[in-house]
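Since the structure comes first, as structure tokens, the remarks are kept for the end.
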Amino acid sequence: MTTRFVQPTYTPNDVPVRTTRPPISTGTTIRRAKTLTRPERSVAPVPLINPPSSLSPSASGSIPSGILGSGIDPWRLFSRIVTFWAPSFLLRSVGRLKDKGMIQAWREKIALCFLIFILCGCVGFVTVGTQKVLCPNSSSTARYTPLGSVAGTLSIEGYMFNVSSAMSPSGVDLLLLAQQEPGQDITPYFTRSASEYSACKGLSFSAATDNPCTSSIPCPLGPLNSSSTFSQLNIQETTMLLGYDWDQVANLSNYFVIDGAVLNMNPYITLHPKSIPADSVDLAIRTIFKESAASGKDATRLFYSRTDIRSAVPCLMQRYYAGNIAKITPGCFISSLLLYVGLIVVLALVLARFVMACIFNWFISARLAGPPDNMELHRSAISPAVMPEGANISVDNRTGVAPWAGAGGSRKLTKPPRNARSIASSSSTTLVPPEVNQVMSLAQIGAELFAVCLVTCYSEGEESLRTTLDSISSTSYSDRRKLLFVIADGMITGAGEKRSTPDICVSLLDADPRFGNPMPMSYIAIGSGAKRENRAMVYAGHYTVAGRRTPTVIIVKCGTEVEAATEKKPGNRGKRDSQLILMNFFSRVTYNDRMTPLDFDLFRKIHVLMGVTPDFFEVCLMVDADTKVFPDSLKYLVNCMHHDQMIMGVCGETRIANKRQSWVTAIQVFEYFISHHLAKAFESVFGGVTCLPGCFSMFRLKARRTSGDDWVPLIIKPEIVREYSQSEVTTLHQKNLLLLGEDRFLTTILLRTFPNRKMMFLPQARCRTVVPDTFSVLLSQRRRWINSTVHNLMELILVRNLCGTFCFSMQFVVFMDLLGTVVLPIAISLTYMLIVGMVLQPPNTFQEAIPLVMLCSVLGLPAVLILITTRKIVYVFWMFAYLLALPVWNFILPVYAFWHFDDFSWGETRKVEGEAKAQAHDLGSGVFNGASVPLRRWEDWERSRLRKLKREERRRKDMERMHPGGFLSTDNDLLSVRTGSQYDGSDTHSLASSDDDHWGLQIGAYNENSIQYPPPPVGLLPISEVASGGKVIDGVEMEAMLEAGFDDDSNPSPSRTPTSAPRYQLSDNPSQQHLMGFASISDDRTRRRPGDAYGPLGPLDPGETL
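Here it is in structure tokens:
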């Protein structure tokens, strides 16, 4: 045979060396080597959900009741203490909590609500109570009005009076005094007597016995204690107290201070201009005026240190009081300090988030969305499909030339010993890496990575599904590089729909006829008991729209026979189970681990649809079935992955498609915007977006190493798949993690496992989704989201090696997010208290306006961000709609969510026909028989498939030989013997019995490589250099080569070339010629295959059909 297409030239390492390991005679040496040769070296974190051995998945799926209450768990003990007032028998009878697990969940809910209440109380105390306790109104600085600050006022005994319209008597001009020094003390101008001061009785000091009003000190304003005096003067008392500072007291003549009280001694000094002998109080007063002029004249220490004058202090303060020092007490100082520190911290956080979000949106994201670097595209790496034993079989060309099929080869197959053991039969956990890495140029993949687009469906209608699939298929991304991976979660009929979701999905598919009608394939699902086993049918073909033909597989979870007969929703296991179908499949493909029948069926169909094995897929786009993807979004997300190999996940901006449908949708527009462009953009600077939304996110299946030529598994890492696939959980915390928010839990697992890698947000990638339009659905959705957020953030706080340090770390950001989430109710309450207080009593000082400044910064900066980001004024109106609904967002929804911590259902979010409330998917009964789901490696499944084809072909030939003219059926119809290679029968009817007969029903009743169908498309880009003299090998020889296995030469000679390398040939071994049934193959005597058909090995076998 000669080559029909130009083939690439391969390096000497591509030529396999004869194996020195003797294969066993049972033919179990066909094997696929794993893709990864050196997994990323790191210590895996302790799993989030790690039940003890007694709680491992059991056959019955039930957890022994004694285990739930056994052991001393500090959290369980705390929940019992908090709920001591609610005995279990009361909860069973009154609360209708029949199950012990439900009772414990209720207790944990009360304990969590108690902690949230304590945190809210602490926040309320710090915000409001601190000032009340440390600085009460009686000693608050705000009560004192500084001297000279209020025009048109004068003070009497420390109280401020409004004299702007005063009627001044003769001898004193009140208006002139107010103009000279507003607020000055005019107490000496009022008529008084010494007997009016009770504190001065019994004292002999002149300052206590002198008559206040004499001829030298006239009092023209009338009696001080008469209210008629003030009315005659037309002056009004205010609530303000006069306050002095120390500099003012120092500058005023004959003023001094005792214990904070400012005393006006001008009447005394005027009456006694000279010192009074034998008067100790007079001596002390004159000493203060003489020696303390520069220090503010504080006489407190002098008067209280001498017993002979201490008794005069009350009298002096009562008779000569003019005001008070506007001092700050230690409590008021601490209160003010806390207020200013809070202002600085809040403004710093808000401004930092704002500035960093702007920097990311304007500069960083634009670079990530740009085209990838050519240097990155021309790197070399180990081929993602290394098979078998490191010999990279070419599957990207129409003739399927194997790399080692060079001209002039003389390598021969030898008959293997009968009782020899092969390493290929080792355990699935033993992965032997190839001795020589098969390196390929990544330029063959190009800028467009192989992307699988996962669309999970549940109860959506045809219009919603068609919109989503149309948008993905119509993207600017090439159809050769994307695969639609649609999963219908059970035999479900959505509310108001006439057809079931699987029927709608299949009706949208242009099915490939080579696969015929799919068979239900079993796999291990998420669930307990009998629900751990599930079955699914794989429909394969293309989705066509506007001239685009996108390869598509549709997986319909149909459930077991028993489930289909008894359950209302057979096959339904939840969205997480749908995601795990994809994750488990690519994990097993990458590691060459044991596959379920569903995995092998997917492998064959994806291989034919894409022209490459599933190993080549690097990224996975996850979207919901009600999401519309923008045309360039997929390209932007892949470009982001190209620019930084440390990125393991990226999400785009999700916008609302039905924003004007109701008030419920209107209030969500601004909330969606700030959650992306402010929160996620800020987190992206640290590379730690804490939640990639499941409606529109891309994850990396495996990453190319930044240095070296091998790969690192990410979302398909077995530890992540195992932790994400937990089905039996016992605590409220675990159930909130697993059952309510799959997208956030998956993000949490990835960040914990790979804390040095990045989760990003890319605003250039956009989509539109349908949001809840009724308040009941919104309430149910946000209950799940809020509770999932709280429990996931609690786990992320414990991840120490996230980006940054201390207050400038992702860990601190996570802590602030968690704290901000749980104190939302008290925060909104205090906000409205602040607004009402500001309206009733406007602030007079900056210190009083600090809370208002913080509130304006928190609410105003997002408005600025939305204007400079979208440049659309209309979003300001959406912001006002959001602000009007703040009580809903920050009080009603959080309080409802916290009180329903023990509700693990999906509520009203996804209702189906005839269902009152969407329930959780983790409950099941019965016994799971692990043997009912076979787990075998790819080579074992492939060997069974080849043998099945041989048996079916042998049966066809026997029937043709026995009935050359056809035969009569039971209805006397003349039937002819089938021609071609259509294998839709069962192994149980095979004429040639075999040990592998029982695998026939698990393989699939179709032959995708029949000669009547065209070959798969060319999956990889051609390289410039072509292979010279490449030979096509036939199917039987290919099978024999796989049976024998290969070793790679660990020390290849530099002069060795593929053309000089010896080649295995089945014809060189007489003992293998009975497998051929036709002439031997040599270099100069070849057979041409009919048409473009593949043999039983598909693209691996370009020879003649059997």
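Residue numbers for the sequence shown follow UniProt numbering, beginning at 1 and rising by one.
We put the CB at the ideal spot given by N, CA and C, even for glycine.
Quick caveat: nothing in here was measured; it's all calculated off a predicted structure.
In the three-state DSSP reduction, Pro-713 falls in the strand class (E or B). Contact annotation, Val-1018 with Gly-611: C-beta distance approximately 6 Å; criterion of less than 8 Å satisfied. With contacts defined as CB atoms closer than 8 Å, Ala-299 and Ile-288 qualify as a contacting pair.
The beta-carbon distance between Leu-840 and Gly-688, rounded to whole angstroms, is 43 Å. This is too long to meet the 8 Å contact definition. Going by DSSP, Gln-764 is part of the beta strand (DSSP E) stretching over 758-769. Classified as buried, Tyr-458 has 16 or more neighbouring CB atoms from the shown chains inside 10 Å of its CB. Contact check between the region 320-333 and the region 229-248: three or more CB pairs, one atom from each, fall below 8 Å, which counts as touching. Its chain contains Gly-124, Thr-127 and Val-128 as the residues whose beta carbon lies nearer than 7 Å to that of Leu-830, once the 5 sequence neighbours on both sides are disregarded; these appear in chain order. Counting of Cβ neighbours within 10 angstroms places Lys-957 among the exposed residues, the total staying below 16. For Ala-564, the enclosing alpha helix (DSSP H) stretches over residues 561-566. Using a Cβ-Cβ distance cut-off of 8 Å, the region 256-270 and the region 305-322 are in contact, since at least three pairs of beta carbons, one from each stretch, lie closer than that value.
Beta-bridge annotation (DSSP): Gly-323 is paired with Val-262. Between Asn-639 and Ser-675, the alpha-carbon positions lie close to 23 Å from each other. Taking every protein chain shown into account, the CB of Thr-566 has fewer than 16 other CB atoms within 10 angstroms, so this residue is exposed. With at least 16 other beta carbons inside 10 angstroms of its own, Met-160 counts as buried. Here the alpha carbon of Leu-637 sits roughly 11 Å from the alpha carbon of Ser-365. Boundaries of the alpha helix (DSSP H) around Gly-121: 100-124. Around the C-beta of Asn-572, 16 or more other C-beta atoms lie within 10 Å, and the residue is accordingly described as buried. Our two residues, Cys-315 and Val-82, have alpha carbons roughly 58 Å apart in a direct line. Between Leu-154 and Val-163, the C-beta gap is smaller than 8 Å, which places the two residues in contact. The region 659-679 and the region 870-887 touch, with three or more beta-carbon pairs separated by less than 8 Å.
Nearest to Trp-711 by C-alpha distance, out of Asp-489, Thr-590, Leu-174 and Glu-960, is Thr-590. Leu-233 is not a Cβ neighbour of Ala-284, given a cutoff of 8 Å. By alpha-carbon distance to Tyr-268, the top candidate from Ile-258, Ser-305, Tyr-304 and Ala-207 is Ala-207. Going by DSSP, Cys-457 is part of the beta strand (DSSP E) stretching over 450-457.
Within the model, the alpha-carbon separation for Ser-727 versus Pro-372 is close to 40 Å. Excluding five sequence positions before and after Ala-199, the CB atoms of its chain that fall closer than 7 Å to its own CB belong to Pro-314, Cys-315 and Gln-318, given in chain order. Assignment of beta strand (DSSP E) within the region 552-630, counting only whole runs of 3 or more residues, yields 617-624 and 627-629 in chain order. Judged by DSSP secondary structure, Lys-297 falls outside any beta strand (DSSP E); it is assigned neither H nor E. The C-beta distance from Leu-750 to Gly-649 rounds to 6 Å, short enough to fall under 8 Å. A straight-line Cα-Cα distance of about 19 Å links Pro-1016 and Ala-1005. As summarised for the region 672-741, the continuous alpha helix (DSSP H) elements at least 4 residues long and confined to that stretch are 681-686, 718-724 and 732-739, given in chain order. Contact between Leu-339 and Gln-847 holds, with the beta-carbon distance rounding to 7 Å and staying under 8 Å. Linking His-791 to Phe-898 through their CA atoms gives a straight-line distance of about 11 Å. For the region 770-832, the full-length alpha helix (DSSP H) segments reaching 4 residues or more read 775-796 and 810-822 along the chain. Look at Ala-381 here: in three-state DSSP terms it is strand.
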